[in-house]
Amino acid sequence: QKEVEQDPGPLSVPEGAIVSLNCTYSNSAFQYFMWYRQYSRKGPELLMYTYSSGNKEDGRFTAQVDKSSKYISLFIRDSQPSDSATYLCAMSGNSGGGADGLTFGKGTHLIIQP
Amino acid sequence: DTGVSQDPRHKITKRGQNVTFRCDPISEHNRLYWYRQTLGQGPEFLTYFQNEAQLEKSRLLSDRFSAERPKGSFSTLEIQRTEQGDSAMYLCASSLVTVNTEAFFGQGTRLTVV
């Protein structure tokens, strides 16, 4: 079993829909949780950063962390075709990645249909 | 440009040749990370520096790989005697050494070994 599990998709939804992306993990030492967006052949772009459990909202994006269930989610409201990309969850036991770096999921390929 | 910069963006090389990539982190960031990403997978941690000291190396980093950060600023990643299995996107990221900080990625160097 990999440390971080993420459904690779593709996930296809109509424009304007609410998108729910999620990851599960097994390492209880993870405390820092991130969501990155990656367009084809580009580097990952940081979207959301959360420390420990709870919710964080930034514009159309909401990140949730439930450490008791080892489950994290990213919600995208009012989805736009420009949101079409691969979304990677990442996590670490240390701030910024630290000695072991970030552990990533495989990424979910999201398609927003106009 | 204040982001993480990587050079070159693309590299095609023949099997057995040596290649070197460069990463310039965000100027005030003293942590620098190298990751490798293959198609359909999330980035995998290779190694990390704090200032000029290389503090951790993944088991993925075979003895054909070497990374340096001589003055605590830019870093180089060299692959000797390249193999077709080395074909991947090589990503660099940087972060601060403080609590609760994010890691930011460059656009990556895409290596193709033919």
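Chains A and B, in that order, give the protein sequences. Be aware that the first sequence starts at 288, since it is given in our numbering, and climbs by one per residue. Be aware that the second sequence starts at 140, since it is given in our numbering, and climbs by one per residue. Just so it is clear, CB atoms sit at the ideal spot from N, CA and C, and this is done for glycine as well.
If you run the structure through DSSP and keep just helix, strand and coil, what is Asp-225 of chain B? helix
For Ser-205 of chain B, does the three-state DSSP call read helix, strand or coil? strand
Comparing alpha-carbon positions, which option in B:Pro-147, B:Gly-247, B:Phe-160 lies nearest Gln-219 of chain B? B:Phe-160
Using a cut-off of 7 angstroms between C-beta atoms, extract the partners of Arg-161 of chain B located in chain A. Within chain A, no residue comes near Arg-161 of chain B; the closest Cβ sits about 15 angstroms away, beyond 7 angstroms.
Closer than 9 angstroms at the beta carbon, the chain B residues around Met-321 of chain A: Glu-241, Ala-242
Using a Cβ-Cβ cutoff of 8 angstroms, what residues of the segment 148-176 of chain B are near chain E? List them in chain order. Any reference to chain E falls outside this structure, whose protein chains are A and B.
Run the CB neighbour count on Tyr-358 of chain A, radius 10 Å, all protein chains shown included, and call it buried at 16 or more, exposed below. exposed
If the cut is a Cβ gap below 8 angstroms, which residues of chain B does Lys-393 of chain A touch? Gly-179, Gln-180, Gly-181
Name the DSSP bridge partner or partners of Ile-305 of chain A? Paired residue(s): none; Ile-305 of chain A is not in a bridge.
Indicate the three-state DSSP secondary structure (helix, strand or coil) for Ser-371 of chain A in the structure shown. coil
Are the C-beta atoms of Ala-227 of chain B and some chain A residue less than 9 angstroms apart? no
What are the boundary residues of the beta strand (DSSP E) that Ser-327 of chain A is part of? Where Ser-327 of chain A is concerned, there is no enclosing beta strand (DSSP E), given that its DSSP letter is neither H nor E.
Please determine, among A:Phe-348, A:Gln-293, A:Ser-369, the residue with the shortest C-alpha to C-alpha distance to Ile-399 of chain A. A:Ser-369
So, for Gly-388 of chain A: in the same chain, excluding its five sequence neighbours on each side, which residues have a beta-carbon less than 8 angstroms away from its beta-carbon? Ser-379
Would you please verify whether the beta carbon of Ser-197 of chain B is less than 9 angstroms from any beta carbon of chain A? yes
In chain order, what are the residue ranges of uninterrupted beta strand (DSSP E) at least 3 long that sit wholly in the segment 148-219 of chain B? 149-152, 158-163, 170-176, 183-189, 192-196, 204-207, 214-218
DSSP on Ala-377 of chain A, reduced to helix/strand/coil? strand
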